[in-house]
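Below is one structure, written out as structure tokens, with a few remarks after it.
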Amino acid sequence: MSWRLELRGASRDSVIRGGPGEFGAFVSELSEWGGEERGRAYVITDANVARERADELERLSRFGPARPLILPAGEPTKDLETLGVCYSWLAEGGARRDDVVIAFGGGVIGDLAGFATATYLRGLSLWQVPTSLLAQVDSSVGGKVAINLPAGKNLAGAFYLPDVVVIDPVLLDTLPREEFRNGLGEVLKYGLLEGEALVTLIEGCLAGVNQRLPKALDEIIERCVRYKAAVVQEDERETGLRAVLNLGHTIGHALEKYLGYGRVGHGQGVVLGLLVALRVSEELLGLDRDVRPRMLRLITALGIPTQVELPDIDGVLEATGWDKKLSASGRGYVGLRRLGEPVLGLNPPDDLLLEALEMIRI
Ligand SMILES: NC(=O)c1ccc[n+]([C@@H]2O[C@H](COP(=O)([O-])OP(=O)(O)OC[C@H]3O[C@@H](n4cnc5c(N)ncnc54)[C@H](O)[C@@H]3O)[C@@H](O)[C@H]2O)c1
């Protein structure tokens, strides 16, 4: 079944549509669109997606005057130099303000192509066609676009809602297993944030999720997207509520930083961060002690490790000091009073965080 929702932003709106086969439906509708007078599509992707989803790329590229821009895959591509490559490619291809950029890829392409689109000619139309699970449930929705600077991740960016987001779970069947797991970390975050219904839904279709059956994934993805869209609609520029989306991320990012990017997957980092957040929430918010073992069972069934080697847990705490999400007044940590009821702005004491980190340590 296909689904559709509208996210109303301060200066732009997003139409978000999804479902198994939605890519094909979207491309068919596109045949009515475009042409010299009405705008053209410039497609940006990465080398893995270009190889694994060659047919879809070919179909998207028909609407552009230029061949797609195929960038190297991976986080290092989200940098200033490659942003320059995008600008030059748009300029050489004669992109105009009524043209569209289609970001066809995971979160790296979405963030980079999105930032290029937000800034080239002060903004073209942006369409996101996410191909990783993380991008489908999270990064393609909500308009945060950014590149990394030598001083840190996502330091140069903008809030720029895509006009269209097309989310087709069929595209996920070529995603490497580790990358699929990265997306599952975010899915579990949305489960805790949204509440009982989503957690029960995931528990009820574990086999389908593990086999990546589009039908099983579709409803889960839709619920994650609806949750995020509702939060973003209320707080597009992250002045308050949107920070709930950082649940599990303060410790998750610290683990990635402390262990070295790539040594612990982003998804595993988030999952471990969620477990720490649940332990902290038991103490500070009286979270029911049944939630954590329930999540542990779920995480294990999804094949994600629940512990990691941590030579020095103080080092993890220090690494949180770099997290740009910390507020000046305290840790700005996100906890959970109960499933579906996040609480912002906690300031957990060090000894509680250390005890919680001990729990995820092998
Ligand atoms: N803007 C936001 O709100 C937001 C939110 C969360 C994360 N992010 C950003 O997202 C990025 C991570 O995104 P990601 O996990 O998608 O990483 P990614 O874009 O690097 O994709 C992961 C890997 O999977 C490959 N891939 C993607 N789709 C594929 C497919 N269908 N078949 C085969 N291979 C495929 C890619 O080539 C890449 O090697 C980070 O830079 C992070 O900062 C942004």
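One rule links them: number in the numbering used here = place in the sequence shown (from 1) + 25. Even glycine gets a Cβ: it sits at the ideal position worked out from N, Cα and C.
Ala98 places its beta carbon 8 Å or farther from that of Ala66. In this structure, DSSP gives Asp136 a helical state, which the three-state scheme calls helix. Between the alpha carbons of Leu364 and Tyr358 lies a distance of about 17 Å. In this structure, Glu247 has its beta carbon at no less than 7 Å from each heavy atom of ligand 1. With a 10 Å radius around the Cβ and a threshold of 16 neighbouring Cβ atoms, Arg206 comes out buried. In this structure, the CA atom of Leu382 is about 28 Å from the CA atom of Val234. Just so you know, the alpha carbons of Tyr283 and Ala160 end up roughly 24 Å apart. When the five nearest sequence neighbours on each side are left out, the beta carbons in the same chain lying within less than 8 Å of the beta carbon of Asp124 are those of Gly64, Arg65, Ala66, Tyr67, Leu149 and Ser150, in order along the chain.
The segment 288 to 300 makes contact with the segment 326 to 340, as at least three CB pairs between them are under 8 Å. Looking only at Leu200, Gly370 and Arg33, the smallest Cα-Cα distance to Asp260 is reached by Arg33. Residue environment for Pro101: exposed (fewer than 16 other C-beta atoms within 10 angstroms of its C-beta).
Setting aside the 5 residues that flank it on each side, Glu31 is surrounded in the same chain by Asp38, Ser39, Val40 and Ile41, each with a C-beta closer than 8 Å to its C-beta; the list follows chain order. Only buried fits Glu247, as 16 or more other CB atoms lie within 10 angstroms of its CB. Cβ atoms of Leu323 and Ile172 stay farther apart than 8 Å, at about 34 Å. Taking C-beta atoms as the reference points, Val191 and Phe48 count as a pair closer than 8 Å.
Shown here, Leu200 sits in coil according to DSSP, grouped into three states, outside any helix or strand.
Out of Leu272, Glu106, Leu270 and Leu327, the CA that lies nearest to the CA of Pro175 is found in Glu106.
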